[in-house]
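Okay, structure first, notes after.
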């Protein structure tokens, strides 16, 4: 039997002692396992030197591993080292002290038990590896398990992302700008950043638009949405647009224009309407149950055919009735869910989807990237109905968050007004002066002072016009030679609210201009014709009843006065170049 690899308790066993006495006359080579060289003559000088060297080597190894074991604090249950058949001092407590006979001792030339040494080496290597930094694995499918992002073991820390992301934002003219943003930047913060960088007028009407050209869809991001999360659900062809949207929170100012009485009702009632004073409160209050109801054209999934159905929009989702206008639960079927979906405007027109009307919109699940078959295409009878459905969808999904987004700019404006500088005493004591004579004089008569100011203003305006007759082309509301269809598209994209306007060159008369105005979600056009009086050219909207020297004066007048227009000019339709 071989001694190499035997545990210590086996060496002390009584049966082994009897076998060892019986085998005392055997040769040493029989007790040594295969692969070990036989011992030489112990009386030879060379062998004595080898024995001395081997003993010193074993002592050095034991002392070094004892120190390593203590420093690393590695607790092992492996067999302790043997030195000349005896337990080392640090491992003596593992066994009971028993007398050893000469037959139980091992010769120095016999193989030593080194399993414990290998165990310590492995644990030492593992201890050193755990303190190394993580190395990114460029080929995880080849070098490590599929779920491991590093080349080392799973105990190593993973590389953390830097938290900065690159996005590209486009303007109306197709030019793009690359911006580096943090992961927690909202759509409002990004719009404020772009307004500051491009020196735009900060009127809290700028918006970030999610645009899908392949699907022909777009929507304005809510102010609280994270831009990075929205970008993660977009395809490579999709992009962000930076433009104005005056209608984003217009329903808080004029709710009755957005929610017709015949379309709003309580779920518990079969008939009746919500009182106008509590219209928005019921939408914002999660405990109330208002709903939008009416007929919609619904496109069948995977087909080009449309069906006219009676549809209900509730907090739980969009449903249609299988039996007329019945609201009974057994007659309602789910069309789309509000939680994991967003509502988009279809911008490709009715020809692509063979829509029955031009007022098409879509409910797109967030998981869908570029699958037209998964889109829920809907079509309304008119623009007011489509606006009602889309606005109610936003209110049901986000609720009070929309009202908070609407109030934040107003609270900021109120806060800034408290820190505005007060008027100085010198500003309050300003007086009108007349410097037409040799010496200046104070104008005491208020009527004379007003006429002097108007005369000076006309003189300054005439000077500006004579020096630059096309100064109106530098204004934000003037868009040059664009067509009627392009003006419709621009006003539709920026909100279709009352008072939105732009001016452009007339296509039928090269000397005239056109004022495009939105009122009650309808777009109207008014031609501005030149007229001559006393050898001087003027511009007029009402066949010469009210004359203006230039377009700037005309716009300033109709901003303050309605005149022959259906409403005052309020919101200029502008574009910005990034």
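Numbering (UniProt numbering), first residue to last: 1 to 578.
Think of the CB as a built atom: it goes at the ideal place given N, C-alpha and C, for glycine as much as any other residue.
It should be emphasised that the depicted structure is a prediction, and the values quoted were computed from it without experimental measurement.
Cβ neighbours of residue i in the same chain (closer than 7 Å, five flanking residues each side left out)
i, result
"residue 373", "301 and 302"
"residue 325", "310"
"residue 537", "530"
"residue 352", "216"
"residue 331", "321, 322 and 323"
"residue 237", "213 and 214"
"residue 398", "222"
"residue 505", "480, 481 and 513"
Nearest neighbour of residue i, chosen from the options [CA to CA]
i, options, result
"residue 320", "472, 349, 378 and 342", "378"
"residue 510", "173, 487, 482 and 522", "482"
"residue 357", "376, 298 and 172", "298"
"residue 530", "549, 520 and 523", "549"
"residue 391", "232, 364, 537 and 247", "247"
"residue 581", "344, 190, 401 and 165", "The chain is shown only over 1 to 578; residue 581 falls outside these bounds and no answer can be derived."
"residue 556", "493, 475 and 508", "475"
"residue 513", "526, 521 and 222", "526"
"residue 564", "571, 554 and 226", "554"
"residue 567", "535, 500 and 551", "500"
"residue 346", "393, 495 and 212", "212"
"residue 241", "533, 571, 314 and 174", "174"
"residue 171", "322, 412, 207 and 183", "207"
"residue 295", "308, 304, 572 and 283", "308"
"residue 558", "515, 436, 163 and 313", "515"
"residue 216", "437, 455 and 239", "239"
"residue 257", "388, 199 and 494", "388"
"residue 164", "214, 176, 227 and 196", "227"
"residue 574", "304, 456, 494 and 412", "494"
"residue 496", "284, 245 and 412", "245"
"residue 640", "197, 519, 376 and 454", "Because residue 640 is not part of the residues shown, which for the chain are 1 to 578, the question remains open."
"residue 492", "243, 262, 235 and 450", "243"
"residue 507", "519, 457, 520 and 480", "480"
"residue 522", "361, 382 and 350", "382"
"residue 315", "279, 396 and 349", "396"
"residue 279", "255, 262 and 263", "255"
Close-in-space but distant-in-sequence residues of the same chain around residue i (CB under 8 Å, 5 per side omitted)
i, result
"residue 52", "Note that residue 52 has pLDDT 46, beneath the 50 cutoff, so the model's placement of it is unreliable and no number is given."
"residue 317", "334, 335, 336, 337 and 338"
"residue 427", "Unreliable placement is indicated for residue 427, whose pLDDT of 49 sits below 50; no coordinate value is reported for it."
"residue 179", "166, 167, 168, 169, 190, 193 and 194"
"residue 219", "209, 210, 342, 343, 344 and 345"
"residue 551", "472, 475, 478, 503, 513, 528 and 539"
"residue 225", "186 and 187"
"residue 409", "204"
"residue 394", "222, 343 and 402"
"residue 26", "Residue placement at residue 26 cannot be trusted, given a pLDDT of 44 that sits under 50; the coordinates are not used to answer."
"residue 440", "433 and 434"
Those residues which DSSP pairs with residue i across a bridge
i, result
"residue 518", "523"
"residue 390", "Beta-bridge pairing links residue 390 to no other residue."
"residue 333", "320"
"residue 306", "299"
"residue 343", "363"
"residue 571", "500"
"residue 536", "533"
"residue 293", "312"
"residue 434", "441"
"residue 206", "244"
"residue 218", "211 and 345"
"residue 173", "According to DSSP, residue 173 bridges with nothing at all."
"residue 548", "539"
"residue 358", "Answer is none; residue 358 lacks a bridge partner."
Integer Cβ distance of residue i from residue j, believed to fall under 8 Å
i, j, result
"residue 233", "residue 366", "5 Å"
"residue 290", "residue 384", "Going by Cβ atoms, the distance from residue 290 to residue 384 rounds to 18 Å, so no, they are not a contact pair."
"residue 578", "residue 176", "7 Å"
Nonlocal neighbours in the same chain, by C-beta distance under 6 Å from residue i, ignoring five residues either side
i, result
"residue 341", "363 and 365"
"residue 517", "501 and 524"
"residue 183", "163 and 228"
"residue 107", "Reliability of the predicted coordinates at residue 107 is poor, the pLDDT of 48 falling under 50, and no value is obtained from them."
"residue 288", "282"
"residue 386", "359, 361 and 380"
"residue 368", "374"
"residue 571", "246, 499 and 500"
"residue 312", "291, 293 and 319"
"residue 407", "none"
>> Below 8 Å, how does it come out for the segment 430–438 and the segment 248–255: are there three or more Cβ pairs, yes or no?
In response: Because the criterion of three Cβ pairs below 8 Å is not met, the segment 430–438 and the segment 248–255 do not touch.
>> Within 8 Å, do at least three Cβ pairs link the segment 535–549 to the segment 436–453?
In response: Judged by Cβ distances under 8 Å, the segment 436–453 makes no contact with the segment 535–549, as fewer than three pairs qualify.
> Is the segment 484–494 touching the segment 186–203 in the sense that three or more CB pairs, one from each, lie closer than 8 Å?
Replying inline: Touching, no.
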